[in-house]
Amino acid sequence: MKRRFFIEKTVLASMTTLLGTDIVLGATMPKGYTPLALQEPDPFQLFSKDTRMTVLNNKPWNIEAKAHLLDDKITPNKYMFIRNNGIIPDKPDAKTWTLTIDGESVKEQKSYTLEDLKSKFELYTYQLTLECGGNGRSEFDPPAKGNQWTIGAVSCANWTGVRLRDVLEDAGIKADAVYIGYHAADIHLSRNPEKEPISRGAPMAKALQDETLLAFQMNGEDIPLAHGYPLRLVAGGWPASVSGKWVNRISIRNKEHDGPKMGGTSYRVPCKPVGPGEKVADEDMCIIESMPVKSLITYPMSGAILKKGKQLNIRGHAWAGELEVAKMEYSIDFGSTWKRCALEKPSNRLAWQHFSASVSFPKEGYYEVWARATDSRGTAQPMLLPGWNPKGYLNNACHRIAIKIT
Ligand SMILES: Nc1nc2c(c(=O)[nH]1)N[C@H]1C(S)=C(S)[C@@H](COP(=O)(O)O)O[C@H]1N2
Ligand SMILES: [Mo]
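As C-alpha cells, this is what we get:
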C-alpha cells in the first residue's frame with residue numbers, strides 16, 4: 014500500500030496533543046482527514062442561529078444577519094449578530110459568578126453574586142438597540158481592515174437586569190469619577206491569561222443613565238452564552254463594544270478608561286473629517302459615543318418581484334443612538350424625491366422604531382426603494398457613504414432594496 018495515502022507522523026502527533034489522548038489506530042487515518050472531535054462545530058447549531066445568517070469569521074466567531082432576517086420588532090436570538098474580539102469562555106457557573114466594583118473612584122470595593130444583584134436592586138426591562146461601530150464597514154473605499162460587516166451587525170432585544178447606576182451607587186462613587194471600564198471573562202486570542210481581548214467603558218453620564226443595565230436576561234430567558242451569559246453590560250445607542258459581555262468587574266475610573274481597544278484607532282473616528290485613505294494621528298482620533306441615525310428595510314427582501322398594479326407594503330426599523338428618529342421617508346427615484354413613511358414611537362428610550370409605507374410603482378421594470386431616517390435634531394442619513402475613516406466605522410448610508418415589477 015502506498016504510504017502517502019496515510020497521515021504523516023507529525024500531523025498525527027499534533028492531533029494527539031490537541032485531543033489530549035492517544036488516537037489508537039491513528040496510523041490508518043487517511044491523509045487530510047480531521048477527526049470528528051477536532052472538526053469545527055456547526056456555528057448555527059452551536060449558537061442556535063438561523064442558517065441564513067452569515068459567518069464572517071470563526072476565530073473569533075463573528076456572525077451577522079441579513080436585513081430581511083431582522084424583521085421582528087424584538088430581535089430573537091436566532092437573528093442576533095455575534096461580535097467577539099476573543100474566545101468565548103466556557104459556560105460559567107452562575108451560582109459562583111461575582112461582579113466586583115473597584116477602581117480609583119469607588120468609595121468601597123464591593124463584590125456581588127448574581128443573587129445579590131437580583132435581590133438587592135430593582136429589576137428593569139428595556140428594549141435596547143445594539144449596533145457594532147463597524148456595521149457597514151464593507152462599503153468603505155479604500156477598504157478598512159476588520160470584519161467586513163454589511164448591514165447585519167445590529168439588534169434590538171429586550172434586556173432585563175439591574176441598573177448599573179444602582180450598583181455603582183451602592184458601592185459609592187467618589188466625586189472625581191469620570192469613566193467606568195468593564196473587565197470580562199473571555200479569553201485573548203493568544204490564550205495568554207494576562208491579556209484581555211477587550212476592556213472598554215463609558216463616561217459616568219452614560220453609565221448612570223436609567224437604561225444602562227447589568228443584564229442577566231435577554232428576551233425573558235438567561236442570556237445565551239455567546240451574548241454574555243451570565244451577566245453583561247447593556248448600553249443602548251452607543252457602539253455595542255461598550256456593552257461588555259461576561260462582565261465580572263467594573264472599575265470606576267478617575268480618568269478615561271484605558272483598557273484594550275479604548276486607545277489608538279479602536280472605536281475612534283477622526284475628530285475632524287479627513288479624505289479617503291488619509292493618515293490620521295492618534296491624538297486626532299475621538300472616541301465614538303452616540304451612534305448616528307440609521308434605518309433598515311426589513312420587508313420585503315431585496316430582489317422581490319411584484320405584479321404590476323399592486324401596492325408594496327414596505328416596513329423596517331430606524332434608530333438614532335441617544336436621539337429619537339423624528340422622520341422616516343422612502344424614495345423610488347434614487348433619492349430625487351422622498352415620501353413619508355408611518356413611524357412608530359420607540360417602546361422605550363434607545364429602542365429602535367418601526368416604520369411602514371405603501372409604495373406604488375408607475376409601470377413594469379426595475380426599481381430601487383431607498384429609506385432615509387432623520388433624527389430629532391434634523392440630521393438625516395447620507396444617501397451614500399458618509400465620511401471615510403481609518404477603521405471603517407459609522408457607515409449609516411441609506412439602506413436600499415431592488416424591486417422588479419412584472
Ligand atoms: N467581553 C466582551 N464583550 C464584548 C465584546 C467582546 O469581544 N468581549 N465585543 C463587543 C462588541 S465589539 C460588540 S459589537 C458587542 C456584540 O454583542 P453581541 O455579540 O451580543 O451581539 O459586544 C461587545 N462586548
Ligand atoms: Mo463591535
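For reference, each letter of the sequence shown is one residue, going 14 to 419 in my numbering.
Cβ atoms here follow ideal geometry from the backbone N, Cα and C, with glycine treated the same way.
Considering only heavy atoms of ligand 1, does any lie closer than 7 Å to the CB of residue i?
i: Arg-96; result: yes
i: Leu-309; result: no
i: Ile-211; result: yes
i: Trp-259; result: yes
i: Asp-63; result: no
i: Met-275; result: no
i: Gly-99; result: yes
i: Met-93; result: yes
i: Ser-256; result: yes
i: Ala-197; result: yes
Residues in the same chain with beta-carbon distance under 6 Å from residue i, minus the five sequence neighbours each way, listed in chain order, please.
i: Arg-262; result: Thr-113 and His-196
i: Pro-371; result: In the sequence under discussion, the amino acid at residue 371 is Ser, which differs from the Pro named in the question. Cβ neighbours of Ser-371 beyond the five flanking positions: Gln-324 and Asn-326.
i: Arg-178; result: Leu-221
i: Ala-410; result: Pro-395, Leu-397 and Leu-398
i: Pro-359; result: Gln-366
i: Lys-340; result: Thr-387
i: Asn-71; result: none
i: Met-14; result: Since pLDDT at Met-14 reaches only 48, below the 50 mark, its modelled position is unreliable, and no value is offered.
i: His-270; result: Tyr-192, Gly-194 and Gly-214
Assuming residue i and residue j form a contact by the criterion Cβ under 8 Å, report the distance between their Cβ atoms to the nearest whole angstrom.
i: Val-306; j: Asp-388; result: 4 Å
i: Thr-88; j: Leu-363; result: The pair is not a contact, with the Cβ atoms about 14 Å apart (cut-off 8 Å).
i: Gly-405; j: Pro-252; result: Not confirmed; about 13 Å, so no contact.
i: Ser-254; j: Lys-274; result: 7 Å
i: Ala-166; j: Arg-96; result: 6 Å
i: Ile-200; j: Gly-99; result: 5 Å
i: Leu-244; j: Leu-127; result: 7 Å
i: Met-217; j: Ala-190; result: 5 Å
i: Met-66; j: Glu-77; result: 7 Å
i: Pro-73; j: Leu-202; result: 7 Å
i: Glu-144; j: Met-304; result: 5 Å
Tell me which residues share the same chain as residue i and place their Cβ nearer than 7 Å to its Cβ, disregarding the 5 neighbours each side in the sequence.
i: Ala-198; result: Pro-102, Pro-105, Trp-259 and Asn-261
i: Pro-155; result: Pro-289 and Gly-290
i: Ile-310; result: Ala-80, Ile-327, Gly-329, Val-382, Ala-384, His-412 and Ile-414
i: Thr-23; result: none
i: Arg-423; result: Only positions 14 to 419 of the chain appear in the structure, and residue 423 is not among them; the question remains open.
i: Gly-378; result: Ile-418
i: Ala-355; result: Phe-368, Ser-369 and Ala-370
By a C-beta neighbour count over all protein chains shown, 10 Å radius and 16 as the cutoff for buried, is residue i buried or exposed?
i: Phe-8; result: Outside the displayed range of the chain (14 to 419) lies residue 8, so it cannot be described from this structure.
i: Gln-58; result: exposed
i: Ala-247; result: Checking the sequence shown, residue 247 turns out to be Val, not Ala. Val-247 comes out buried.
i: Lys-62; result: buried
i: Ser-316; result: With the sequence shown as reference, residue 316 is identified as Gly, and Ser is not the correct amino acid for it. Exposed is the call here.
i: Tyr-46; result: exposed
i: Gln-161; result: buried
i: Phe-18; result: exposed
i: Cys-284; result: exposed
i: Glu-337; result: buried
i: Glu-296; result: exposed
i: Ser-279; result: buried
i: Ser-27; result: exposed
i: Ile-193; result: buried
i: Glu-234; result: exposed
i: Ala-50; result: exposed
Keeping to the same chain, check which residues put their C-beta closer than 8 Å to that of residue i; ignore five residues upstream and five downstream.
i: Phe-184; result: Per the sequence presented here, residue 184 reads as Ala, with Phe not at that position. For Ala-184, where only same-chain residues beyond five positions count, the Cβ hits under 8 Å are Ile-114, Val-119, Lys-120, Glu-121, Gln-122, Lys-123 and Ile-265.
i: Leu-25; result: Ile-36, Gly-39, Ala-40 and Met-42
i: Arg-176; result: Phe-134, Glu-135, Tyr-137, Asp-223, Thr-225, Leu-226 and Leu-227
i: Lys-219; result: Thr-225, Ala-248, Trp-251, Val-255 and Glu-302
i: Ser-373; result: Gln-324 and Leu-325
Sorry if obvious, but does the Cβ on residue i come closer than 7 Å to a heavy atom of ligand 2?
i: Ala-157; result: no
i: Gly-214; result: no
i: Ala-339; result: no
i: Cys-145; result: yes
i: Ala-239; result: no
i: Pro-252; result: yes
For residue i, verify whether its CB is less than 7 Å away from any heavy atom of ligand 4.
i: Ser-168; result: Ligand 4 is not among the ligands present in this structure, which contains only ligand 1 and ligand 2.
- Message: List, from N- to C-terminal side, the beta strand (DSSP E) runs of 3 residues or more that fit wholly inside the region 120–208.
- Response: Whole beta strand (DSSP E) segments, 3+ residues: 123–126, 136–144, 167–176 and 192–197.
- Item | Inside the region 34–87 only - beta strand (DSSP E) runs reaching at least 3 residues | Qualifying beta strand (DSSP E) stretches, in chain order: 67–71 and 74–77.
- Message: Suppose only complete runs of 3+ residues qualify. What are the beta strand (DSSP E) ranges in the region 272–332, listed by chain order?
- Response: Runs of the beta strand (DSSP E) inside the region 272–332: 281–283, 298–300, 307–312, 317–319 and 325–332.
- Task: Kindly provide the ranges of any alpha helix (DSSP H) runs that are 4 or more residues long and lie completely inside the region 212–261, ordered along the chain.
- Result: You should have 217–220.
- Query: Mind pulling the alpha helix (DSSP H) runs of 4 or more residues that sit fully within the region 344–390?
  - Reply: For the region 344–390, not a single whole alpha helix (DSSP H) run of length 4 or above is found.
- Query: Taking only runs of the beta strand (DSSP E) that begin and end inside the region 386–418, which ones reach a length of at least 3 residues, in chain order?
  - Reply: Qualifying beta strand (DSSP E) stretches, in chain order: 412–418.
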